[in-house]
Amino acid sequence: MFSELPLLSLVIWVPIIGGALVLAIGDQRAETAKLAALLVAFLTLLLSIPLFTGFAIDTADMQFVEFRPWIESFGINYHLGVDGIAMPLIVLTTFTTVLVVIAGWEVIKQRPSQYMAAFLVMEGLINGVFAALDAALFYVFWEAMLIPMFIIIGMWGGPNRVYATIKFFLYTFFGSVFMLVALLYLYVQAGSFAILDFHAVNIGMTAQILIFLAFLVAFAVKVPMFPVHTWLPDAHVEAPTGGSVILAAIMLKVGAYGFLRFSLPIAPDASHALDWLMIGLSLVAVVYIGFVALIQQDMKKLIAYSSIAHMGFVTLGFFLAWAIAENTGSFSGAAMGIEGGMVQMVSHGLVSGAMFLCVGVLYDRLHSRLIADYGGVANVMPVFAGFMVLFAMANAGLPGTSGFVGEFMVILSAFKADFWYAFLAATTLIIGAAYTLWMVKRVVFGSVGSDAVAALKDVNGREFLFLAVLAVGVLLLGLWPNPLLEVMHATVQNLVEHIAVSKI
Amino acid sequence: MNFEMSQLLPVLPEVFVLGMACAILLIDPFLSEARRSITFMLSLGTLAGAFLLTLGLYGEADQVVFSGFFVLDGMAVLLKLAAYVAVAVAFLYAPRYLREREMLRGEYFVLGLLGLLGMMILISAHSLLTVYLGLELMSLSLYAMVAMQRDSVVASEAAMKYFVLGAMASAMLLYGMSMLYGMTGSLDLAEIHAAISAGAGQPVVLAFALVFIIIGVAFKLGAVPFHMWVPDVYHGAPTTVTVYMSTAPKLAAFAMLMRLLVDGLGGLHAQWQDILIILTLLSLAVGNVIAIAQTNIKRMLAYSAISHVAFILLGVLAGTEAGYAAGLFYAVSYALMSLASFGMVIFLSRAGFEADNLEDFRGLNERSPWHAFLMLMVMFSMAGVPPFLGFWAKLFVIQAAVQVGLVWLAVAAVVFSVIGAFYYLRVVKLMYFDKPTDVAPLEAGWGMRMTISANALAMLGLGVLPGPLMALCVAAMAG
């Protein structure tokens, strides 16, 4: 019965229209508004489940396709569809939004209906980014996403929120406009805005390099990659907990998704020519940012930097293909790198989201994010401590948790490319363990640090709920990643075959 | 001169507006203060009537009447319709503001209608003479409107500045036209086009004519380096006049640009393209960068207007039908955005309080979430963020530039629009992230509230469905 519904349109528009309704209910009836927001988020999650269950895993074609002319004089269409790369990310988005709504339930006192509405609208827009098959439509969702995030950080963020949110907006806006010019150039070349037509069009080397760089600016800012990552710690630190979760779990993914959807298939030769740059920047992110994370005093900043390091793994996995081909003579190992990056994305979405929620739980009680203000939390909040240690282990990439799978796959394919790539990438297992576990040691373990900590209460039912759900997700993906891998396999294989062919 | 009654049909809207403007001028002095709304209703009725008359002409074949002085084509019809809407919205914003400043008399409306008549003539001009005639009628009305607030020093200064500079620009334009006439021997734009294509005239004199004409047009558009009057006049004029003069006259100026450069001097495209590129780059840079330093929102919007003009020029200088259509789309979109932004300034103002400082927008979300949201849409639209109208306007223009290979110019345009995003964001920041300093209740009546809501929601509506408007623009420029 679900196959007849325009599921992709629904997961985009139900939250957006629902968000408008929540806004209309207003702050005077805050409880109703929150309830409505939860209902909308939950309904969207339910609507996204058939995308997963009804997904045909044996084809790389777009599925659940919807097509409707939109701006006919320019050949712009309302064209939606998902493949094995986009679909898991949509499910991740709908799943995370439910948690974010629950997480903000009691905490947000100021203008709760606007808060909930902003998250719902953003959910719809992000789903639109992943589902769009028309470049203009993609760009609309991509940019529109900034507006709710701008409001979220600016209204409910910490003391320095205004600086952080304007920096966030201008950084990402600056990155995107170059992509816009590149998309228009491609439109002129391909004669259509369809992304799949862009994949097929042949482009010369100079143009490819320029296009690649334009996309790189846009996506690298979002991922974020070194050296354009500096907005992320600011935005994360100042954002409310829900904002941090969405930023880490989903916003960063749209950048990485862009590499798979645009950079690699549209400019494969430029990707080949510049893969040293991408691998280099990824390794810098993994190693250098890892060390930066080590010295942070602020828990949120630490997790923010660890996010950058983990996203370095994702981009590393994506751009290993040519190095592998040169080293082994075939592209056969390349798929594993890309799949590893994808698994890492989903896993990072769960783990970093969970870490930010953990910090949020502490922050709501003590209103401090500084590691030094805590200590011995395990003594007063045993249940919470259990969760936090689990997520920290996942963050450090412990086998059995989701964090391990992706990192392992990427390191494995890095070995096929070059020993030193793999060596540097593998240092993350040490650095990552160092910064995460050291933080956990200082926050959770030891003797009770202060009277304030001694007075802490353990998690309530609401907090237990979202932490437990995430814990199940982290373990499930760690122990049995196969369903996720199966979904993306055909698509990734197709992508590797596509990029192996020169377009010049 | 051969005259037939059927020639009157294309000019019927002009005749109607003229007649009604004269009638209102005569009726208004006999109305008591309490009945002033009759003037207002009559003015709106005039606009509605003109709209219907022009709509009746939509889709007719292009025709040139009155011995080649007047043209009715797709562009003319569309621009006139847009101008009626712009003037009507400006009128709808006006009454309360004018009453509170004791300016609610017939003059504002009559001058507004006469200015509109000038724009209509300019839009339909097919001869250098009609261009000048329309331009002067429009400009003289505008000078008088700016000066309407007699006791205000700022307004008088603005009017004086506007008049002196405007007269100079008109003189330049006239000088350029005279050279053009000397070289081609005709005032008719089509004949000039043909003569230049046939190689008539000395290149040096033509180049001079071109430069002088562009100066005249650039002044009316407010493009750098002929922009000096824009911030002062926008700031000094009563806000109801600012809202009027920042919208419909821009449409007319766009028409003037198209008539003179494309219809008349199309053969010199290679030359004027270079000149317009320079104007575009300067306008982008000056408009966007200096707007950041403003504390007065009317001045800020004036500099933003300069940067928007750059985008209109960018569309036109591409020199393709797609580019002209994109420029037209941009001009119409800009008129809507400008109406809404200045409308919001009027909305917040009250007796003795202009609400024209950025600070006055502080904490609007707490005073009225709905109006803060409307302003948010307008600001993001102006910044060119989807899904709002302003994004599509920029997209189409940039696409036209990319299509003719001006990728570097497109990149420059988008980079400057990122710089420009900053000052629009600042307004949103003030409204949403700051606490209100002014807590007086918002006084506007329901008419104002409805208009501003509809105006701002048009950003979203046309942003989600820009197709029909774009199709109209493309059709208007086709052929």
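Which chain is which? The protein sequence lines are P and L, in order. Residue numbers are given in our numbering: position 160 of the first sequence equals residue 163, and the series is strictly consecutive. Residue numbers are given in our numbering: position 474 of the second sequence equals residue 1813, and the series is strictly consecutive. Note that the Cβ used here is the ideal one computed from N, Cα and C, for glycine as well. Here the structure is a predicted model, which means the values were calculated and not measured.
Within the same chain, Cβ atoms closer than 8 Å to the Cβ of L/N1635 are found at H1574, D1695, N1696, L1697, the five residues on either side in sequence being excluded. Taking 8 Å as the cut-off, the Cβ atoms of P/D137 and P/H82 count as close. Non-local C-beta neighbours of L/W1747 in its own chain, meaning closer than 8 Å and more than five positions away in sequence, are absent.
Inclusion of L/A1649 and L/A1739 in the CB contact set at 8 Å is not warranted, their separation being larger than that value. Look at the region 177-196 of chain P: the residues with a C-beta under 8 Å from a C-beta of chain L are F177, V180, F181, L183, V184, L187, Y188, Y190, V191. Taking a beta-carbon distance threshold of 8 Å, P/W16 does not count as an interface residue toward chain L. Under the 8 Å criterion on CB atoms, P/G157 is classed as interfacial with respect to chain L.
With 16 or more other Cβ atoms from the protein chains shown falling within 10 Å of its own Cβ, L/F1409 counts as buried.
From the beta-carbon of P/A147, the residues of chain L found nearer than 8 Å are V1724, P1725, P1726. Residue pairing of P/H82 in beta bridges, as defined by DSSP: P/F70.
For L/Q1402, no alpha helix (DSSP H) run applies; the uninterrupted beta strand (DSSP E) run containing it begins and ends at 1402-1404, by DSSP. A Cβ-Cβ distance of about 12 Å is found for the pair P/S405 and P/A252, leaving them out of contact under the 8 Å criterion.
L/T1579 places its beta carbon 8 Å or farther from that of L/Y1482. Between the alpha carbons of L/M1639 and L/L1443 lies a distance of about 27 Å.
For P/D272, the three-state secondary structure derived from DSSP is helix.
In the pairwise beta carbon analysis, the region 1426-1433 of chain L is classified as touching the region 1577-1596 of chain L: at least three pairs are separated by under 8 Å. Burial check for L/Y1447: the Cβ neighbour count within 10 Å reaches 16 or more, so the residue is buried.
Cβ-Cβ distances below 7 Å link L/L1678 to A1425, V1428, A1429, V1582, T1586, N1794 in the same chain, with the five nearest sequence neighbours on each side left out; the list follows chain order. The beta strand (DSSP E) runs lying completely inside the region 1613-1688 of chain L and spanning 3 residues or more number zero. Cβ neighbours of P/I28 within its own chain (closer than 7 Å, five residues either side excluded): T35, A36, A39, S116. Using a Cβ-Cβ distance cut-off of 8 Å, the region 169-179 of chain P and the region 62-79 of chain P are not in contact, since fewer than three pairs of beta carbons, one from each stretch, lie closer than that value. The Cβ-Cβ distance between L/K1774 and P/I169 does not fall below 8 Å.
Using a CB distance below 9 Å, the part of the region 59-80 of chain P facing chain L consists of P72, W73, I74, E75, S76, F77, I79, ordered along the chain.
Unbroken beta strand (DSSP E) runs of no fewer than 3 residues, entirely contained in the region 1431-1510 of chain L, are not found.
A contact is defined here as three or more CB-CB pairs under 8 Å, and the region 1389-1399 of chain L meets this definition with respect to the region 1412-1423 of chain L.
The Cβ of L/A1373 sits no closer than 8 Å to any Cβ of chain P.
In this structure, P/A324 lies near P/V499, with their beta-carbon atoms less than 8 Å apart.
Taking the CA atoms as reference points, P/K460 sits about 22 Å from P/D301. Residues of chain L with a Cβ closer than 9 Å to the Cβ of P/V231 do not exist; the shortest Cβ-Cβ separation is about 14 Å. For P/L173, at least one C-beta of chain L is nearer than 8 Å to its own C-beta.
The three-state reading of DSSP puts L/F1408 in coil, since its state is none of H, G, I, E or B. For P/I253, the nearest beta carbon of chain L is not closer than 8 Å to its own beta carbon. Sorting P/E342, P/S285, P/H351 by C-alpha distance to the C-alpha of P/V495 places P/E342 at the top. P/L8 carries a coil assignment under DSSP once its states are collapsed to helix, strand and coil. The residues G1457, I1460, L1461, A1464, in chain order, have a CB closer than 6 Å to that of L/G1473 in the same chain once the five nearest residues on each side in sequence are set aside. Taking C-beta atoms under 8 Å as the contact rule, P/A388 and P/A381 qualify, at a distance of about 4 Å.
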